[in-house]
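Colleague:
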Amino acid sequence: MLIYPAIDLYQGKAVRLYKGDYAQMTVYSDDPPAIAEDFAKSGASHMHIVDLEGAKTGQTPNFETILEIKRRGGLFCEVGGGIRSMEAIQRYLENGIDRVILGTAAVTQPGFLEEAAKKYGRKIAVGMDLKDGFVAIKGWTEKSELTAFDFCQRLQEIGIETIICTDISRDGAMKGTNHQLYQALMERFSLEIIASGGVSSLEDVQRLAQAGLYGAIIGKAYYTGAINLKQAIEVAK
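If you're matching positions, the sequence shown starts at 1370 in the working numbering and goes up one per residue.
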């Protein structure tokens, strides 16, 4: 299993939200590229970046910061937040980002998702953010009519291979991850599932790896020191 340490960006700073609430934001660093360098020193090969402003507005305000994070960290970078056009996808991929994550657009514009998947294949992943069992959109501020299973079925039919699945109720709460949810998805679908939200201990990492997940995102637990990144990478192997 791959470990994806995460950087969430807001106004060029590395921050974390509590359960997706923009009013409950903690700033952890004014120098996100330095964090990426630390990820690399700890042995990470991949990382996960979210433009939180972009997720709300559908723009890419942290674009330059993201490119600098990629340059200084030198890791495989997947980026999400506000990517809602073919132009935005192209701009990221042409500038060295390895994979883009479609969230809101994957729900609201299925035709766009199909077009992106056809053109870019494995370089397109989908973020499935769940609120009370339904897929949330627009920076988690709205809930769609789609359940996790409906959405995954649709994604599999389109040919999407990788999804990042977040249980919003666990995100930033440091209460452990939703193992039952991931187990159920693994049993029903042949998608590469990256677990996100609440990965807060080495035991979480171990259980996800044993369940056969493709990857796990470590966010707040890295910043608070609850998880040693180097150890998590070893456990995930």
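C-beta: ideal position from N, C-alpha, C; glycine also.
#1: As a quick exercise: from LEU1598, GLY1389, GLY1427, pick the residue whose alpha carbon is nearest that of GLU1456.
#2: Nearer than 7 Å: is that true of the beta carbon of ASP1501 relative to any heavy atom of the ligand HEM?
#3: Who pairs with SER1398 in a beta bridge, going by DSSP?
#4: With DSSP as the reference, please indicate the residues paired to LYS1512 in a beta bridge.
#5: Is THR1429 helix, strand or coil by DSSP?
#6: Kindly indicate the opening and closing residues of the beta strand (DSSP E) around ARG1576.
#7: Quick one: Cα of ARG1453 to Cα of PHE1481, how far?
#8: Among THR1395, TYR1583, GLN1549, LEU1515, which has the Cα closest to the Cα of PRO1479?
#9: Quick check on the DSSP output: what are the complete alpha helix (DSSP H) runs of length 4 or more inside the stretch 1431–1476, in order along the chain?
#10: Which residue marks the beginning of the alpha helix (DSSP H) containing ILE1527, and which one marks its end?
#11: I need the DSSP call for THR1593, collapsed to helix, strand or coil.
#12: Does ALA1392 pass the burial test, meaning 16 or more other C-beta atoms within 10 Å, or should it be called exposed?
#13: Between which two residues does the alpha helix (DSSP H) harbouring LYS1599 extend?
#14: Can you tell me which of the three DSSP states MET1555 falls into?
#15: Could you give the first and the last residue of the continuous beta strand (DSSP E) run that contains LYS1500?
#16: Alpha carbon to alpha carbon, what distance is there between THR1546 and LEU1571?
#17: How would you call GLY1528, buried or exposed, if buried means at least 16 neighbouring beta carbons within 10 angstroms?
#18: Which residues in the same chain as VAL1604 place their Cβ atom closer than 6 Å to its Cβ, once the five residues preceding and following it in sequence are excluded?
#19: Quick one, are the C-beta atoms of SER1398 and PHE1445 less than 8 Å apart?
#20: Does the stretch 1549–1557 come into contact with the stretch 1520–1536, if we say contact requires no fewer than three beta-carbon pairs (one atom in each stretch) closer than 8 Å?
Modeller: In brief:
#1: Comparing Cα positions, the closest option is GLY1427.
#2: Of the ligands one can find in the structure shown there are none, so the ligand HEM has no counterpart to examine.
#3: For SER1398, which the question treats as bridged, DSSP gives the partners ALA1383.
#4: Beta-bridge pairing links LYS1512 to ALA1505.
#5: Coil at THR1429, not helix or strand.
#6: Per DSSP, ARG1576 is not a residue of any beta strand (DSSP E); the alpha helix (DSSP H) it occupies stretches across 1571–1579.
#7: If I take the Cα positions, the gap works out to 8 Å.
#8: It is LEU1515.
#9: Counting only runs of 4 or more, we get 1432–1442, 1455–1463.
#10: Counting along the chain, the alpha helix (DSSP H) containing ILE1527 begins and ends at 1517–1527.
#11: THR1593 sits in a helix when the DSSP states are folded into three classes.
#12: ALA1392 is exposed by the Cβ-count criterion.
#13: Residues 1598–1605.
#14: If DSSP states are grouped into helix, strand and coil, MET1555 belongs with the helices.
#15: Run containing LYS1500: 1493–1500, per the beta strand (DSSP E) assignment.
#16: Distance from the CA atom of LEU1571 to the CA atom of THR1546, rounded to whole angstroms, is 11 Å.
#17: The residue is exposed, with fewer than 16 neighbouring Cβ atoms inside 10 Å.
#18: Cβ-Cβ distances below 6 Å link VAL1604 to LEU1571, VAL1574, GLN1575 in the same chain, with the five nearest sequence neighbours on each side left out; the list follows chain order.
#19: It is not a contact, given that the beta carbons lie outside the stated cut-off.
#20: Verdict: yes, contact present.
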